[in-house]
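K.L.:
Number of protein chains: 2
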Amino acid sequence: MIHAAIYHGPGDIRVEEVPDPEIEEPTDAVVRITHTAVCGSDLWFYRGHREEMPEGAGVGHEPMGIVEEVGDKVRHVEPGDRVLSPFSISCGECEFCRKGLQTSCVNGYGWGGDLTGAQGEKVRAPHANGTLVKVPERYADDEGVLESLLPLTDVMCTGHHAAVSAGVEAGDTAIVIGDGAVGLCGVLAAKRLGAERVIAMGHHEDRLEIAEEFGATEVISAEGEEAIEAARETTYGGANHVLECVGMESSMETAAEVARPGGTIGYVGVPAGVETTDFVATMFGKNVGLEGGVAPVRRYVDDLMADVLQGTLDPSPVFTKTVDIEGVPEGYEAMDEREAVKVMVKNE
Amino acid sequence: MIHAAIYHGPGDIRVEEVPDPEIEEPTDAVVRITHTAVCGSDLWFYRGHREEMPEGAGVGHEPMGIVEEVGDKVRHVEPGDRVLSPFSISCGECEFCRKGLQTSCVNGYGWGGDLTGAQGEKVRAPHANGTLVKVPERYADDEGVLESLLPLTDVMCTGHHAAVSAGVEAGDTAIVIGDGAVGLCGVLAAKRLGAERVIAMGHHEDRLEIAEEFGATEVISAEGEEAIEAARETTYGGANHVLECVGMESSMETAAEVARPGGTIGYVGVPAGVETTDFVATMFGKNVGLEGGVAPVRRYVDDLMADVLQGTLDPSPVFTKTVDIEGVPEGYEAMDEREAVKVMVKNE
């Protein structure tokens with residue numbers, strides 16, 4: 001038996017004994033989790049906003065660990081390898097995997113649910129050839145490197161997807177909406193792509209400090225119309241590249257309002273509570289495009305890993321609290337109460 | 001005094017005497033209207049969906065005619081020239097005009113309202129240098145050519161904007177949603193850009209026949225889930241390029257459903273009654289982009305005019321009824337009751 005975090009209803013995550021994951025298909029691997037995390041999107045079911053979430057489901061979707069066992073058809077990794085996995089499983093062979101849109105893999109799905117979630121001691125990793133990414137052996141036991149790589153399982157690649165989708169290129173001015181882990185990673189990503197000005201919009205002084213550390217040239221800490229006016233003023237009428245890293249109705253509206261006519265919003269926050277569509281009319285009137293969606297992490301992880309390994313990219317400051325597997329419920333609480341930006345889970 | 005169509009409330013358009021338009025600014029021209037049209041978007045106020053429309057407003061935004069008089073600063077046209085105008089006024093000199101986004105012109109606005117509308121005998125055309133487009137003299141009195149050019153004031157360029165925004169290129173498969181004048185022009189535009197397959201979706205047999213005449217390789221005449229299934233089946237899972245030419249909630253949802261993961265929706269139908277946002281979640285999940293908006297006609301009209309003049313583009317079959325200025329109210333009725341696809345208005 002292993003320990004794993006299990007969903008029992010809103011606000012009720014418990015660490016329980018569950019059966020050991022085993023190889024079920026020849027394309028499976030079993031991975032012993034060494035590092036994982038709690039995601040802002042985990043708060044959606046934690047807060048009761050995802051009614052379809054079944055009681056008893058394993059949770060967590062940001063696994064990193066050591067391969068223990070592989071099925072007969074697994075070629076890309078072998079026992080002993082340090083690996084990480086994107087938040088979605090992908091086969092690596094279908095039309096969409098080959099196109100770099102692994103989140104639309106025809107054989108794919110997400111962690112959790114029937115699978116043991118990543119917030120546990122071990123997982124069965126289906127489609128290991130397509131899904132798992134090996135950390136080069138030279139860095140496989142470097143704790144600092146591993147903690148910098150862990151955000152590549154989700155938030156760093158998601159922030160990068162926002163920047164890519166918004167069309168950020170060298171010399172551009174970008175506005176990043178949201179100071180959660182994804183927004184902060186969006187700042188890093190925009191800088192990495194060469195943005196000259198990166199304006200971070202958020203509500204939390206401590207998080208906006210991290211945004212500045214990550215390269216934001218300006219921060220706007222205000223709400224509603226005041227924030228919109230400030231963003232428009234400093235950009236002389238709006239930015240051509242807006243990263244929407246929240247996914248709420250108010251943030252979509254802010255994004256539409258601060259986008260320059262003809263600009264593009266890269267959106268990566270899972271739409272939640274987006275019920276009215278004023279932002280569509282706003283985008284329509286000034287030909288602002290909406291690009292992005294659920295981030296195809298697998299497409300980006302190799303490039304971003306290269307930068308982490310050479311020391312030019314380090315998203316690990318998004319982790320402001322660390323717990324062990326027994327501390328996962330406490331980690332959810334800390335994120336729910338905004339005491340932590342993002343929680344890392346380390347297994348012994 | 002001249003005759004012009006005036007809005008008096010939903011369903012109530014009257015042709016009345018109004019003062020002669022005059023040069024007010026040195027950048028104005030006065031144009032005697034020879035051809036104009038009733039637009040699908042005119043039905044929004046006609047049907048009472050635009051409560052902000054003031055009683056007494058001039059209506060119509062698709063003018064073509066002969067320049068009668070110009071202000072001191074008008075250089076691009078002169079009295080006697082046959083000209084047409086996009087549905088929006090643009091100065092031709094600001095950032096957005098230079099960028100090809102004349103609908104966001106900082107000095108721009110639309111026809112109608114305080115201006116005499118285009119459904120009348122004459123208009124004052126502000127910013128004549130930026131707005132008016134001259135028909136080459138060789139074709140200036142060729143009635144057939146003029147009727148083929150008239151749709152460039154709006155619907156042909158709007159359909160083209162949908163195709164451009166959806167990223168249609170040679171060899172592509174495109175789905176066009178909507179069999180109104182804009183959708184039909186979207187079919188023409190997609191073919192003109194080289195699309196190999198153009199699938200037209202609509203509800204009206206007679207209009208879908210025009211779609212076929214315009215180059216649609218397939219038509220889908222069905223509603224709701226049945227239409228979506230048919231479109232997905234014939235494209236083996238959706239098209240990478242979807243032209244949304246309606247602007248209603250159901251058509252936005254259909255567009256999101258028939259788009260292939262990673263594809264793009266070009267939308268040009270003024271959003272009307274789009275109140276729920278299921279389509280956003282659908283687009284998000286499969287990384288479908290939403291591009292387009294109010295069409296910058298002025299950007300496209302020169303290129304499309306060249307094709308009309310050389311005989312390779314003819315959108316005039318969208319006009320299925322012609323009236324004179326006194327017949328404008330009858331034209332609205334015919335379009336409201338879907339007896340006409342689009343109504344041309346010809347002044348003696």
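So the sequence lines, in the order shown, correspond to chains E and F. Residue 155 in the UniProt record's numbering is what sits at position 155 of the first sequence, and the numbering runs on without skipping anything. Residue 204 in the UniProt record's numbering is what sits at position 204 of the second sequence, and the numbering runs on without skipping anything. Here a beta-carbon is modelled for each residue, glycine too, at the ideal position from N, C-alpha and C.
Measuring alpha carbon to alpha carbon, tell me which residue in F:V242, F:H203, F:E78 and F:V18 is nearest Q119 of chain F.
P.N.:
The sequence position of residue 119 of chain F within the second sequence is 119, counting from 1. Considering only alpha carbons, the answer is F:V18.
K.L.:
Starting from E275 of chain F, find everything on chain E with Cβ-Cβ shorter than 8 Å and list it in chain order.
P.N.:
Here residue 275 of chain F is taken as the residue at index 275 of the second sequence, counted from 1. Result: T276 and T277.
K.L.:
Return helix, strand or coil for H160 of chain F, following the three-state DSSP convention.
P.N.:
Here residue 160 of chain F refers to the residue found at position 160 of the second sequence. H160 of chain F falls in the helix class under three-state DSSP.
K.L.:
With Y332 of chain E as the anchor, note down where its alpha helix (DSSP H) starts and where it stops.
P.N.:
In the first sequence, residue 332 of chain E corresponds to position 332, counting from 1. Counting along the chain, the alpha helix (DSSP H) containing Y332 of chain E begins and ends at V328 to D336.
K.L.:
Whose C-alpha, out of E:R197, E:A334 and E:H204, is nearest the C-alpha of D42 of chain E?
P.N.:
The sequence position of residue 42 of chain E within the first sequence is 42, counting from 1. Considering only alpha carbons, the answer is E:A334.
K.L.:
If you measure from the beta carbon of E137 of chain F to each beta carbon in chain E, is any gap under 8 Å?
P.N.:
Numbered from 1 along the second sequence, position 137 holds the residue referred to as residue 137 of chain F. No, E137 of chain F lies away from the interface with chain E (no Cβ there is under 8 Å from its Cβ).
K.L.:
In angstroms, rounded to a whole number, what distance separates the CA positions of D172 of chain E and V242 of chain E?
P.N.:
Your numbering for residue 172 of chain E matches position 172 in the first sequence. Your numbering for residue 242 of chain E matches position 242 in the first sequence. Rounded to the nearest angstrom, the two C-alpha atoms are 11 Å apart.
K.L.:
To the nearest angstrom, how far is it from the Cα of R192 of chain E to the Cα of G186 of chain E?
P.N.:
Locating residue 192 of chain E in the first sequence gives position 192, counting from the first residue. Locating residue 186 of chain E in the first sequence gives position 186, counting from the first residue. Near 10 Å, if we compare the C-alpha coordinates of G186 of chain E and R192 of chain E.
K.L.:
Run through the DSSP bridge pairs and tell me what R14 of chain F is partnered with.
P.N.:
Mapped onto the second sequence, residue 14 of chain F falls at position 14. R14 of chain F is bridged to F:I6.
K.L.:
Can you say whether E275 of chain F is buried or exposed, counting buried as having 16 or more other CB atoms within 10 angstroms of its CB?
P.N.:
As a working note, residue 275 of chain F is residue 275 in the second sequence. Exposed is the call here.
K.L.:
Within 8 Å of any Cβ in chain F, is that where the Cβ of E291 of chain E sits?
P.N.:
Within the first sequence, the letter at position 291 stands for residue 291 of chain E. Cβ-Cβ to chain F under 8 Å: yes for E291 of chain E.
K.L.:
Can you give me the C-alpha to C-alpha distance between A239 of chain F and V258 of chain F, rounded to a whole angstrom?
P.N.:
Counting from 1 along the second sequence, the entry for residue 239 of chain F is found at position 239. Counting from 1 along the second sequence, the entry for residue 258 of chain F is found at position 258. Looking at the two C-alpha atoms, the distance is approximately 6 Å.
K.L.:
Between T153 of chain E and S90 of chain F, what straight-line distance do the alpha-carbon atoms span, to the nearest angstrom?
P.N.:
Sequence index remark: in the first sequence, residue 153 of chain E carries index 153 (1-based). Sequence index remark: in the second sequence, residue 90 of chain F carries index 90 (1-based). The alpha-carbon atoms of T153 of chain E and S90 of chain F are separated by roughly 48 Å.
K.L.:
For T116 of chain F, is the classification buried or exposed, using 16 other Cβ atoms within 10 angstroms of its Cβ as the cut-off for buried?
P.N.:
Here residue 116 of chain F is taken as the residue at index 116 of the second sequence, counted from 1. Label assigned to T116 of chain F: buried.
K.L.:
Suppose the cutoff is 6 Å on Cβ atoms and the five residues either side in sequence are ignored; what does the same chain contact list for H76 of chain E look like?
P.N.:
Along the first sequence, one-based indexing puts residue 76 of chain E at 76. Only N129 meet the Cβ criterion.
K.L.:
Counting only Cβ pairs nearer than 8 Å, list the residues of chain E close to P271 of chain F.
P.N.:
In the second sequence, counting from the first residue as 1, residue 271 of chain F sits at position 271. Those within 8 Å of P271 of chain F in chain E are T277, V280, A281 and F284.
K.L.:
Which residues mark the beginning and the end of the alpha helix (DSSP H) in which G130 of chain E is found?
P.N.:
Here residue 130 of chain E corresponds to residue number 130 of the first sequence, with the count starting at 1. Element bounds for G130 of chain E: A128 to T131.
K.L.:
Assuming Y267 of chain E is part of the beta strand (DSSP E), what are its boundary residues?
P.N.:
Position 267 of the first sequence, counted from the start, is the residue given in the question as residue 267 of chain E. Element bounds for Y267 of chain E: A259 to Y267.
K.L.:
If I measure Cβ to Cβ from L208 of chain E and keep anything under 8 Å in the same chain, skipping five residues before and after, which residues do I get?
P.N.:
Here residue 208 of chain E is taken as the residue at index 208 of the first sequence, counted from 1. Contacts found: D179, A200, G202, A216, V219 and S221.
K.L.:
Which one of E:T264, E:L101, E:A163 and E:V323 has the shortest CA to CA distance from L184 of chain E?
P.N.:
If you number the first sequence from 1, residue 184 of chain E lands on position 184. Selected option, being the one with the closest Cα: E:A163.
K.L.:
M53 of chain E to F45 of chain E, Cα distance in whole Å?
P.N.:
Counting from one through the first sequence, the residue named residue 53 of chain E turns up at place 53. Counting from one through the first sequence, the residue named residue 45 of chain E turns up at place 45. Answer to the nearest angstrom: the Cα atoms are 7 Å apart.
K.L.:
Rounded to whole angstroms, what is the Cα-Cα separation between E55 of chain E and A340 of chain E?
P.N.:
Along the first sequence, one-based indexing puts residue 55 of chain E at 55. Along the first sequence, one-based indexing puts residue 340 of chain E at 340. Their Cα atoms are separated by approximately 26 Å.
K.L.:
Work out the CA separation of M248 of chain F and T34 of chain F for me, nearest whole Å.
P.N.:
As a working mapping, residue 34 of chain F is identified with position 34 in the second sequence. As a working mapping, residue 248 of chain F is identified with position 248 in the second sequence. Going by the C-alpha atoms only, they are around 33 Å apart.
K.L.:
Cutting at 8 Å between CB atoms, please list the residues of its own chain near R14 of chain F, excluding the five before and the five after it.
P.N.:
Taking the second sequence and counting its residues from 1, one reaches residue 14 of chain F at position 14. Hits under 8 Å: A5, I6, H8 and P329.
K.L.:
Establish whether the CB of T36 of chain F and some CB of chain E are separated by less than 8 Å.
P.N.:
Along the second sequence, one-based indexing puts residue 36 of chain F at 36. It does not: the Cβ of T36 of chain F has no partner Cβ on chain E nearer than 8 Å.
K.L.:
Per the contact definition of three or more C-beta pairs closer than 8 Å, is the segment 269-284 of chain F in contact with the segment 263-281 of chain E?
P.N.:
With the cut-off at 8 Å, the segment 263-281 of chain E and the segment 269-284 of chain F touch.
K.L.:
Under a three-way DSSP split, which group does A231 of chain F fall into?
P.N.:
Residue numbering aside, residue 231 of chain F sits at position 231 when the second sequence is read from its first letter. Helix, per DSSP.
K.L.:
I'd like the list of long-range same chain contacts for E93 of chain F, defined as Cβ closer than 6 Å, with 5 residues on each side in sequence excluded.
P.N.:
Walking along the second sequence from the start, residue 93 of chain F turns up at place 93. Cβ within range, chain order: n/a, list empty.
K.L.:
Any chance you could list the beta strand (DSSP E) runs of at least 3 consecutive residues sitting entirely within the UniProt domain "Alcohol dehydrogenase-like N-terminal" (26-137) of chain F, in chain order?
P.N.:
Whole beta strand (DSSP E) segments, 3+ residues: 29-38, 64-70, 82-84 and 122-125.
K.L.:
Given a threshold of 16 other Cβ atoms within 10 Å of its Cβ, counted over all protein chains shown, does H61 of chain F qualify as buried or as exposed?
P.N.:
The residue labelled residue 61 of chain F in the question sits at position 61 within the second sequence. That one is buried.
K.L.:
Can you confirm whether G92 of chain F, when its beta carbon is compared against all beta carbons of chain E, has any partner nearer than 8 Å?
P.N.:
Your numbering for residue 92 of chain F matches position 92 in the second sequence. No, G92 of chain F lies away from the interface with chain E (no Cβ there is under 8 Å from its Cβ).
K.L.:
For R197 of chain E, which residues does DSSP report across the bridge?
P.N.:
As a position in the first sequence, residue 197 of chain E is number 197, starting the count at 1. The partner list for R197 of chain E (beta bridge, DSSP) reads E:T173.
K.L.:
To which residues does DSSP link L290 of chain F through a beta bridge?
P.N.:
On the second sequence, position 290 is the one that residue 290 of chain F refers to. Looking at the DSSP assignment, L290 of chain F forms a beta bridge with E:L290 and F:I265.
K.L.:
Quick check: the Cα distance between T103 of chain E and V294 of chain E, rounded to an integer number of angstroms?
P.N.:
On the first sequence, residue 103 of chain E is found 103 positions in, with the first residue counted as 1. On the first sequence, residue 294 of chain E is found 294 positions in, with the first residue counted as 1. Going from the Cα of T103 of chain E to the Cα of V294 of chain E covers about 7 Å.
K.L.:
Spell out a yes or no on whether the segment 296-312 of chain E and the segment 299-316 of chain F are touching, meaning 3 or more CB-CB pairs, one atom from each, closer than 8 Å.
P.N.:
No, the segment 296-312 of chain E does not touch the segment 299-316 of chain F.
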